[in-house]
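**Q**
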Amino acid sequence: MDAQTVVRRYYRAIDDHDYEAFADLLAPAVVHHRPDRTIEGRETLVTFMRDERPDADTSHEVDRVFADATPGDGDATVAVRGRLRDATGERLFGFVDVFSVADGRIAEIETFTR
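In our numbering, the protein residues as written are 334 to 447.
1) Which of the three DSSP states is assigned to residue 443 in this structure?
2) Where do the N-terminal and C-terminal ends of the beta strand (DSSP E) with residue 425 fall, by residue?
3) Rounding to the nearest angstrom, what Cα-Cα distance links residue 444 and residue 412 in this structure?
4) If we ignore side chains and look at the alpha-carbon of each, how far apart do residue 372 and residue 433 end up?
5) Does the segment 353-369 come close enough to the segment 377-388 that 3 or more CB-CB pairs lie under 8 angstroms?
6) With distances taken Cα to Cα, identify the nearest neighbour of residue 446 among 425, 437 and 439.
7) Would residue 336 be called buried (16 or more neighbouring beta carbons within 10 Å of its own) or exposed?
8) Please classify residue 399 as buried or exposed, where buried requires at least 16 neighbouring CB atoms within 10 angstroms.
9) Beta-carbon within less than 8 angstroms of residue 343's beta-carbon, same chain only, minus the 5 sequence neighbours each way: which residues are those?
10) Grouping DSSP H, G and I as helix and E and B as strand, with all else coil, what is residue 342?
11) Using only the alpha-carbon positions, how far apart do residue 352 and residue 363 sit?
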């Protein structure tokens with residue numbers, strides 16, 4: 334699976350609360366740098382997304398996906414620009430996520446919000 338597909342599935346898994354699929358997309362030593370904290374390790378990130386997010390009843394609206402790899406290549410840097418919406422559809426904030434994908438799994442995520 335190419336890196337852009339991995340990243341799109343990441344958002345779908347979170348929005349669908351499919352944490353098994355979510356875990357399958359992550360490298361064991363994944364690191365997620367968020368504005369408020371850094372989360373290290375697949376199990377820790379899955380636990381955070383499942384049990385500790387401030388609002389888990391949200392959806393990601395993706396505007397643009399930028400990648401530096403050839404389609405079909407499992408290794409890439411992928412940047413995504415979008416918005417997070419609450420259950421009513423109200424915009425919570427805009428975001429840019431920058432993913433490092435290696436061997437078809439997400440190894441690192443940097444999240445920027447406004």
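Positions of the beta carbon are idealized from the N, C-alpha and C atoms, including for glycine.
**A** This is what the structure holds:
1) strand
2) 424-435
3) 10 angstroms
4) 15 angstroms
5) yes
6) 425
7) buried
8) exposed
9) 355, 358, 432 and 439
10) helix
11) 15 angstroms
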